[in-house]
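So the sequence shown is numbered by this note's numbering: it starts at 1291 and just counts up by one. Built from N, CA and C at the ideal position, the CB exists for glycine as well. Everything numeric in this text was worked out from a predicted model, so none of it was measured. Report on the following structure.
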Amino acid sequence: MGIEVVVEGLTKSFGRQNIWQDVTLTLPAGEVSVMLGPSGTGKTVFLKSLIGLLKPDRGRVLINGVDMVSSPEREIFETRKLFGLMFQDGALFGSMSLFDNIAFPLREHTRKKESEIRRIVMERIEVVGLLGAERKLPGEISGGMRKRAGLARALVLDPQIILCDEPDSGLDPVRTAYLSQLLIDLNAQIDATMLIVTHNLDIAATVPDNMGMLFRRELVTFGPREVLLTSEEPVVAQFLAGRREGPIGMSEEKDAATLAAEAADPRAGTTAPREIVPQLQPSPGLPP
């Protein structure tokens, strides 16, 4: 069963550079949420702050009564075991087989017998569709397979909260579609709380229960997917439409003069409202 994650007033800077400030949201227990945002808005930093790998300047991240920002390190360490983290590039050890990569957290953090470790690892390998590849090295398989191996490793400790950092990065549309369905099926099976950071609008539109967006060092919005997909907030509309006209520039937000010039340009036109496509459902035989 997933756990509610409560974020209150979270602020993070690196030196004089403010990444985001006063981020407040709640990840509902057992639901899938997506965080969108242009490159460089601190989405990965946000994930690392949730799990306690980075310390925010101020604010709280509450999980089962433990504050991942200010609670004693021992409590943070124990609470961190509730998480599974799927890294953007898989983060697999190149000299280890897929089996040993996936078994690594069990060998590091539990005292399970090797026979029990093998049972758990093979179960997770089957879940992500990698049976037969467990003895291969990461360099011998495709990028999509490495992603799935990273997801299997994130699942071996039976996490109640799963964080996925750009799980679709580098995948073609077909593999992305398979991955989207896999995430939905996993959520149906283990009922974990899931947060996915992505730029992929197909995943964002079809997978989550909730959506949010970071821009200009703040959380623009967070709520049910239908709210964001129909939002008239300029930055949200621009991002979802994938157009140049709007507040988002090539490297940062545009200045007022640029926005005014765009508004006066008759060629800019308008964009039709984005159709709300149906949310993906679990595969037949899995709980709804």
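Closest by C-alpha distance to E1416, out of R1306, A1439, K1402, is A1439.
Annotation: L1315 is outside any alpha helix (DSSP H); the continuous beta strand (DSSP E) that includes it extends over 1307 to 1317. Assignment of beta-bridge partners to E1413 by DSSP yields no partner. The beta-carbon separation of D1499 and P1572, rounded to 13 Å, does not stay under the 8 Å limit for a contact. For G1299, the three-state secondary structure derived from DSSP is strand.
In terms of CA proximity to G1575, A1478 leads the group A1478, L1453, I1566, L1317. Setting aside the 5 residues that flank it on each side, L1382 is surrounded in the same chain by N1391, P1428, R1436, A1439, G1440, each with a C-beta closer than 7 Å to its C-beta; the list follows chain order. Residue pairing by DSSP places D1455 opposite V1487 in a beta bridge.
G1299 and R1364 do not touch by the CB rule: their CB atoms are close to 24 Å apart, not below 8 Å. The region 1322 to 1337 makes contact with the region 1492 to 1512; the number of CB pairs closer than 8 Å reaches 3 or more. Annotation: the region 1338 to 1419 contains the following complete segments of the beta strand (DSSP E) (minimum length 3 residues), in chain order: 1348 to 1353, 1373 to 1376. The three-state reading of DSSP puts L1472 in helix, counting H, G and I together. C-alpha of W1310 to C-alpha of P1362: approximately 25 Å in a straight line. Spatial neighbours of I1341 in its own chain (CB-CB distance under 8 Å, excluding positions within 5 residues in sequence) are listed in chain order as M1358, R1370, F1373, L1375, L1453.
By DSSP's assignment, N1500 forms a beta bridge with S1323, P1514.
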